[in-house]
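What follows is a single structure, written as structure tokens, with notes after it.
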Amino acid sequence: MPGAARLLLALLLFTHCTCPAATDGHLVEYLASPDGIDTREPRFFFPFGSTPPLMYQLQVSQGRDAYFNQTSLLIMNGSGVITNTTVSVVFKPLSPQTGLRSAEMYSWRVRTWQTGTQPPSWSPVQRFTTGLFEPDDW
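Using this note's numbering, the first residue of the sequence shown is number 33, and each one after it goes up by one.
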């Protein structure tokens, strides 16, 4: 990507404000659909309607149009148990090659359910973009 295009992309990512005023509780780094997050291991926050312990599954896919049924596009497929009233899940890639990259858009979804019951449908797809992680990205 030419230097001028990178600079323009960086300015667009960092000057665009995504305000979390109208959120449904699905957050990345405490923001709804943030643009230009500055960490390779963001934290995901999401609502859950029942009392813990609960199971959760969180998936992250690269791109605006998330095709979660194609596992080749998944870069995270995490699951676990919620044991308290506040939950944050830290991004952990499926492999070192599938980590977050600079200036990319990602989609994510989550579902929670009572232990011993069937998983419900997924949450609406949420999105976030990454900032520029390395000096060479500028």
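Glycine is no exception: its CB is placed at the ideal position from the N, C-alpha and C atoms.
Note that the structure is predicted; figures quoted are calculated from it, not measured.
Per DSSP, Thr161 is one residue of the beta strand (DSSP E) stretching across 158 to 161. With fewer than 16 other Cβ atoms inside 10 Å of its own Cβ, Gln150 counts as exposed. Nearest in C-alpha terms to Val119, of all of Leu105, Arg96, Arg143, is Arg143. Per DSSP, the continuous beta strand (DSSP E) segment holding Gly112 begins and ends at 106 to 114. Gln150 is not bridged by DSSP to any residue.
The C-beta distance from Phe78 to His58 rounds to 5 Å, short enough to fall under 8 Å. Rounded to the nearest angstrom, the Cβ distance from Arg133 to Thr162 is 7 Å, consistent with a contact under 8 Å. Taking the Cα positions, Tyr138 is about 23 Å away from Met87.
DSSP, reduced to helix, strand and coil, places Thr130 within a helical segment of the structure shown. With 16 or more neighbouring CB atoms inside 10 Å of its own CB, Gln91 falls in the buried class. Cβ neighbours of Ser93 within its own chain (closer than 6 Å, five residues either side excluded): Phe100, Leu105, Leu106, Ser139. Under the 10 Å beta carbon count, Val121 is surrounded by 16 or more other beta carbons and is classified as buried. Counting other Cβ atoms within 10 Å of its Cβ, Pro167 stays below 16 and is therefore classed as exposed.
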